[in-house]
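For reference, the structure is listed below as structure tokens.
There are 2 protein chains.
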Amino acid sequence: MFRDRLAQDAARIQDQFDLVLGALDDLDVTRAMAYATEGGKRLRGFLVLESARVHGIEEARAIWPAVGIEALHAYSLVHDDLPCMDNDDLRRGRPTVHMKWDEGTAVLAGDALQTLAFELCTHTEVGNAEVRAEMALTLAKASGAQGMVLGQALDIAAETAVAPLTLDEITRLQVGKTGALIEWSACAGARLAQADPKPLRQYARALGLAFQIADDILDVEGDAEKAGKRLQKDAQAGKATFVSLLGLDVAKTRAAELIDQACAALDGYGASAETLKDAARFVIARDS
Amino acid sequence: MFRDRLAQDAARIQDQFDLVLGALDDLDVTRAMAYATEGGKRLRGFLVLESARVHGIEEARAIWPAVGIEALHAYSLVHDDLPCMDNDDLRRGRPTVHMKWDEGTAVLAGDALQTLAFELCTHTEVGNAEVRAEMALTLAKASGAQGMVLGQALDIAAETAVAPLTLDEITRLQVGKTGALIEWSACAGARLAQADPKPLRQYARALGLAFQIADDILDVEGDAEKAGKRLQKDAQAGKATFVSLLGLDVAKTRAAELIDQACAALDGYGASAETLKDAARFVIARDS
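In order, the protein sequences belong to chains A and B. When we follow UniProt numbering, the leftmost residue of the first sequence carries the number 1, and every step to the right adds one. When we follow UniProt numbering, the leftmost residue of the second sequence carries the number 1, and every step to the right adds one.
So this is what it looks like as structure tokens:
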């Protein structure tokens, strides 16, 4: 059920990307933008579409922020992969953008994907002006120097720090780096409906943390071919992770507890939230 | 009159940057963000504040998009200066961000400055929700792959093109690369007032083109020390410019004609538009 829905939503998001990006001039930078948005789980876009369904919002409205958050996520990956950042040559099983084109094209394509995210989230079909302004402001707060970029900066600072990060520090880092966008995505449905986002926020905070713990477990236990990227990077870099701090068994138990909390937060929505609950369970069971 | 107002507005914009950036965590990336926004003419922020005055909008509202557009401009410079782009080591007479810190910090600081631009333009003090949503959507259109980034991409494509650009092609390139943000800035006052931006748009289009022609003239005739950056770059790179296509004399005449057109577009505003007219005259008289 959940996997079918995820696959359907991913296809719907791809169609919308084709429409939006197909309207741009045909240049290296726009081709690189399209390439960078292909593939991936589309988990953030799925959370937007699914939280919108829970609130009875039609897909024709929710598709814009769903594609917007995927554009923002794609920008962060393109820039993260650059030689001056994580220096990755493989992403989703394919050459990264700077390997397929060059670094200048990767910088520019990432820049334009970030801009596109704000354009899509304020599209006139998203809702009334209050909804559109709120979408843009909350997205900026989630992705900038108080959200995702803060997490990335803390991650870079940790590399040259004398002592490894503590559990509190690594939690703060991850809440920014991956948690903020997951929270924004899950709350999007409530924002589109101008409803209280609190239950979805509780769900997303537990889910985001579980997602990162699962990523750390995957980095240790995973299969690089299935994951489509290099693994064991953190251990090689001597980086503190949830697994290095908690141990593998405790990390797995903690992730499972967080998923239970995430599901419980949605009890008030009744049966309409079953797919979101399935998504939470998937996050700690995935192999890529 | 104009120079005093420009200096006052620049100081006001700096105060607001201090307030906004001072609230962030103290990290390399946030220090680099502050560094990148220091100095410069603040012409785009000035255009926001001044077009707002023409429309009777209080500064406490207009300051947000004024700082927002300067954050966006700063992001574009930080990324443009990177080794994989224009590879500049000097900007406003100081080391560029990647020289003072490193390339990773420059990529991330630029990314966060772009995000900040959208956050500031949708700040709740900017106006009602319609104004805020419109600010974000128009800014995205002006700065993304149909605006500024399109201009940058056309610029990069021109470097490897077989034939030098024609006058039409270089005009399209520059309308994107520098014109789109200047137009957004000048129209901001009308948007804040929910008034017709047409006269300001006509002003800005002529101004933006004159600004770029003046830049090309400065690249040939200017003093690198006053300009605070390397000059004669375009000639060395064998790039077509307005000067190489038109010749120096015709380029100067064309710039002067455009400034006359820009000023004429504002006649309907009466005396309140005098400072904007002075700004247009300054654009072709500056030495930096």
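Glycine included, every Cβ here is placed at the ideal spot set by N, Cα and C.
Segment limits, alpha helix (DSSP H) that includes residue i
{"i": "Lys100 of chain A", "result": "97-100"}
{"i": "Ile213 of chain A", "result": "198-221"}
{"i": "Ile170 of chain A", "result": "167-174"}
{"i": "Cys187 of chain A", "result": "180-192"}
{"i": "Ser51 of chain B", "result": "43-54"}
{"i": "Lys277 of chain B", "result": "274-283"}
{"i": "Ala262 of chain B", "result": "248-265"}
{"i": "Arg286 of chain B", "result": "Run containing Arg286 of chain B: none; DSSP gives neither H nor E here."}
{"i": "His79 of chain B", "result": "59-80"}
{"i": "Gln146 of chain B", "result": "Looking at the DSSP string, Gln146 of chain B is not in any alpha helix (DSSP H), and its letter there is neither H nor E."}
{"i": "Cys121 of chain A", "result": "103-121"}
{"i": "Tyr35 of chain A", "result": "28-37"}
Within chain B, partners of residue i - CB distance below 7 angstroms
{"i": "Glu130 of chain A", "result": "Ala129"}
{"i": "Glu103 of chain A", "result": "Cys84"}
{"i": "Lys141 of chain A", "result": "Glu119"}
{"i": "Ala163 of chain A", "result": "Here the premise fails: no neighbours, minimum Cβ distance about 17 angstroms."}
8 angstroms Cβ cutoff met for residue i and residue j
{"i": "Arg205 of chain A", "j": "Gly179 of chain A", "result": "yes"}
{"i": "Leu77 of chain A", "j": "Ala36 of chain A", "result": "yes"}
{"i": "Ala112 of chain A", "j": "Gly144 of chain B", "result": "yes"}
{"i": "Ala271 of chain B", "j": "Leu192 of chain B", "result": "no"}
{"i": "Trp101 of chain A", "j": "Asp18 of chain A", "result": "no"}
{"i": "Arg253 of chain A", "j": "Glu50 of chain A", "result": "A small correction: the amino acid at residue 253 of chain A is Thr; Arg does not occupy that position in the sequence shown. Cβ atoms of Thr253 of chain A and Glu50 of chain A: not closer than 8 angstroms."}
{"i": "Asp129 of chain B", "j": "Ala140 of chain A", "result": "For clarity, residue 129 of chain B is Ala in the given sequence; the question names Asp instead. Taking 8 angstroms as the Cβ cut-off, Ala129 of chain B and Ala140 of chain A do not qualify as a contacting pair."}
{"i": "His73 of chain B", "j": "Leu181 of chain B", "result": "yes"}
{"i": "Leu167 of chain A", "j": "Leu245 of chain A", "result": "yes"}
{"i": "Ala142 of chain A", "j": "Leu207 of chain A", "result": "no"}
{"i": "Asp260 of chain B", "j": "Met1 of chain B", "result": "no"}
{"i": "Leu21 of chain B", "j": "Thr30 of chain B", "result": "yes"}
Chain B contact residues for residue i, given Cβ-Cβ distances below 8 angstroms
{"i": "Gly144 of chain A", "result": "Ala112, Thr115, Leu116, Glu119"}
{"i": "His79 of chain A", "result": "Val107, Leu108, Asp111"}
{"i": "Ala157 of chain A", "result": "Leu27, Asp28"}
Rounded Cβ spacing between residue i and residue j (contact assumed at less than 8 angstroms)
{"i": "Ala251 of chain B", "j": "Asp215 of chain B", "result": "Actually they are not in contact, since the Cβ atoms of Ala251 of chain B and Asp215 of chain B sit about 11 angstroms apart, beyond 8 angstroms."}
{"i": "Asp80 of chain A", "j": "Asp86 of chain A", "result": "5 angstroms"}
{"i": "Ala106 of chain B", "j": "Ala32 of chain B", "result": "7 angstroms"}
{"i": "Leu266 of chain B", "j": "Ala273 of chain B", "result": "4 angstroms"}
{"i": "Ile170 of chain B", "j": "Gly104 of chain A", "result": "Actually they are not in contact, since the Cβ atoms of Ile170 of chain B and Gly104 of chain A sit about 20 angstroms apart, beyond 8 angstroms."}
{"i": "Val48 of chain A", "j": "Thr115 of chain B", "result": "Not really, about 19 angstroms apart at Cβ, beyond 8 angstroms."}
{"i": "Val131 of chain A", "j": "Gln194 of chain A", "result": "7 angstroms"}
{"i": "Ala161 of chain B", "j": "Tyr203 of chain B", "result": "Not really, about 32 angstroms apart at Cβ, beyond 8 angstroms."}
7 angstroms Cβ shell around residue i - same chain, five flanking residues per side excluded
{"i": "Gly268 of chain A", "result": "Pro199"}
{"i": "Ile284 of chain A", "result": "Ala210, Ala214, Ala255, Ala256, Ile259"}
{"i": "Gly147 of chain B", "result": "Lys141, Gly176, Ala180"}
{"i": "Gly40 of chain B", "result": "Arg92"}
{"i": "Ile57 of chain A", "result": "Gly189, Leu192, Ala193"}
Own chain residues within Cβ distance below 6 angstroms of residue i, not counting five before or after
{"i": "His123 of chain B", "result": "Trp64"}
{"i": "Leu209 of chain A", "result": "Leu258"}
{"i": "Phe118 of chain B", "result": "Ala136"}
{"i": "Leu120 of chain B", "result": "Trp64, Val67, Gly68"}
{"i": "Val54 of chain B", "result": "Gly189, Tyr269, Ser272, Ala273"}
Under 7 angstroms by beta carbon: chain A residues contacting residue i
{"i": "Leu150 of chain B", "result": "Asp25"}
Chain-ordered chain B contacts of residue i [CB-CB under 9 angstroms]
{"i": "Ala136 of chain A", "result": "Phe118, Glu119, Cys121, Thr122, Arg132, Ala133, Met135, Ala136, Leu137, Ala140"}
Within chain A, the residues that residue i reaches when beta carbons sit closer than 9 angstroms
{"i": "Met33 of chain B", "result": "Ala145"}
{"i": "Ala240 of chain B", "result": "In chain order: nothing, as chain A lies at least about 18 angstroms away."}
{"i": "residue 314 of chain B", "result": "Residue 314 of chain B is absent from the structure shown; chain B starts at 1 and stops at 288."}
Own chain, CB closer than 8 angstroms to residue i, minus 5 neighbours either side, in chain order
{"i": "Gly45 of chain A", "result": "Asp9, Ala10, Ile13, Ala66, Val67, Ile69, Glu70, Ser185"}
{"i": "Arg3 of chain A", "result": "Phe282"}
{"i": "Leu248 of chain A", "result": "Ile217, Val220, Glu221"}
Per-residue contacts from residue i into chain A (C-beta, under 8 angstroms)
{"i": "Ala74 of chain B", "result": "Near Ala74 of chain B there are no residues of chain A at all, since even the closest Cβ is about 13 angstroms away, more than 8 angstroms."}
{"i": "residue 290 of chain B", "result": "Because residue 290 of chain B is not part of the residues shown, which for chain B are 1 to 288, the question remains open."}
Cβ of residue i within 8 angstroms of any chain D Cβ
{"i": "Ala153 of chain B", "result": "No chain D appears in this structure, whose protein chains are A and B."}
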